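Under the working numbering, the first residue of the sequence shown carries the number 603, and numbering increases by one thereafter.
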Amino acid sequence: MQSNRPAHEIKVLLAGGKEIFREGLLRLLKEQPHIEVVSQCTSRQALAKVKETNPDVIIIDANPFTTDALIATKKISRLYPKTKIAVLTDEGNRQELFSVIEHGARGYLSKGISVDDLIKCIELIARGEIVITPLTSKKFPANPVFRRGTEKRWTSESKPPLSNRELEIVGLVANGLTNKEIARKLCIADNTSKVHIKNILSKLQLRNRQHLAAYAVEHGLATTVAEANSEPE
Numbered sequence: 603m604q605s606n607r608p609a610h611e612i613k614v615l616l617a618g619g620k621e622i623f624r625e626g627l628l629r630l631l632k633e634q635p636h637i638e639v640v641s642q643c644t645s646r647q648a649l650a651k652v653k654e655t656n657p658d659v660i661i662i663d664a665n666p667f668t669t670d671a672l673i674a675t676k677k678i679s680r681l682y683p684k685t686k687i688a689v690l691t692d693e694g695n696r697q698e699l700f701s702v703i704e705h706g707a708r709g710y711l712s713k714g715i716s717v718d719d720l721i722k723c724i725e726l727i728a729r730g731e732i733v734i735t736p737l738t739s740k741k742f743p744a745n746p747v748f749r750r751g752t753e754k755r756w757t758s759e760s761k762p763p764l765s766n767r768e769l770e771i772v773g774l775v776a777n778g779l780t781n782k783e784i785a786r787k788l789c790i791a792d793n794t795s796k797v798h799i800k801n802i803l804s805k806l807q808l809r810n811r812q813h814l815a816a817y818a819v820e821h822g823l824a825t826t827v828a829e830a831n832s833e834p835e
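Below, the structure written as structure tokens:
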């Protein structure tokens, strides 16, 4: 996962969760010269604050996961598509993950990641990438994955119909790598990377990269941020 610092500040809005947590996160982010925290608010106030501050990224604390957080995600995604949404969670579960991704979130982040990794995630999400950090695996049993109105169950005896290379690409997509970054990491042509992803979506009958990222988390295919950021030898 490459993390090229943007030429301009990333405007971040903090929403939801407990105020003491937002205050702590605000202080951490203020130490980053390329990040400006424009405000903080509750989930219910999020829509109005987005309209007022026009942030690049809004980080919504989903602990506890509430209807307010989901409604805010849905409305912000629809009314202010230029603002990218990241949801923070303690451990997470597949229903939350699929709900927020379906409603437009670009990131689903564990509170267990390091500050450095959080910064990298914010940078990637601001660029429009999809980032889903690995969460507690026991929360993601092999149950239905998001598909076009249908459900498919995979068991240990019935593995996903993907090649080893395709499984590797799924993990890289889940960690926010672009087609070009995937091509560079795997030493393949940009167009080959694009074709692989198109074929993967078709095989799994998934709608888009967000759902593919969710699939990767559920099936334990997502690498860590550090692994995704490593250069090919």
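C-beta atoms are modelled at their ideal positions from N, C-alpha and C, and glycine is treated no differently.
Note that the coordinates shown come from a computational prediction; the quantities given were computed from them, not determined experimentally.
Three-state secondary structure assigned by DSSP to residue i
i	result
S765	coil
E770	helix
Q807	coil
K796	helix
Y710	strand
L616	strand
I673	helix
G660	At residue 660 the sequence reads Ile, which differs from the Gly that was named. I660: strand per DSSP, three-state reduction.
I790	coil
N745	Since pLDDT at N745 reaches only 35, below the 50 mark, its modelled position is unreliable, and the value read off the structure follows with that caveat. If DSSP states are grouped into helix, strand and coil, N745 belongs with coil.
K754	Because the pLDDT of K754 is 44, which lies under 50, any placement of that residue in the model is unreliable, and the number read from its coordinates should be weighed accordingly. Reduced to three states, the DSSP call for K754 is coil.
H813	helix
N-terminal and C-terminal residue of the alpha helix (DSSP H) that residue i is part of
i	result
C723	V717 to A728
A650	A648 to T655
A664	Per DSSP, A664 belongs to no alpha helix (DSSP H) and is neither H nor E.
G626	E621 to K632
I732	No alpha helix (DSSP H) contains I732, which DSSP labels as neither H nor E.
L779	Per DSSP, L779 belongs to no alpha helix (DSSP H) and is neither H nor E.
E698	R696 to E704
Alpha-carbon spacing of residue i relative to residue j, whole angstroms
i	j	result
F742	E638	Interpretation of F742 is limited by its pLDDT of 42, a score under 50 that renders its predicted location unreliable; the figure taken from the coordinates is listed afterwards. F742 and E638: Cα-Cα distance of roughly 34 Å.
A815	I662	19 Å
D658	L764	35 Å
S701	T794	31 Å
I612	G730	12 Å
L788	L628	37 Å
I734	N781	17 Å
L699	H705	10 Å
I784	K722	17 Å
L631	G778	21 Å
R708	E768	22 Å
K651	G626	19 Å
I687	S645	12 Å
I673	I727	20 Å
P635	S712	23 Å
D670	R811	25 Å
R624	L616	7 Å
V689	H610	23 Å
R750	D718	Reliability of the predicted coordinates at R750 is poor, the pLDDT of 33 falling under 50, and the value obtained from them is presented with this limitation in mind. The alpha-carbon atoms of R750 and D718 are separated by roughly 36 Å.
T668	A791	43 Å
K805	A776	17 Å
Limits of the beta strand (DSSP E) - the one that residue i falls within
i	result
Q642	I637 to C643
A688	K686 to T691
Contact belief for residue i with residue j at Cβ below 8 Å, rounded distance in angstroms
i	j	result
V614	I724	7 Å
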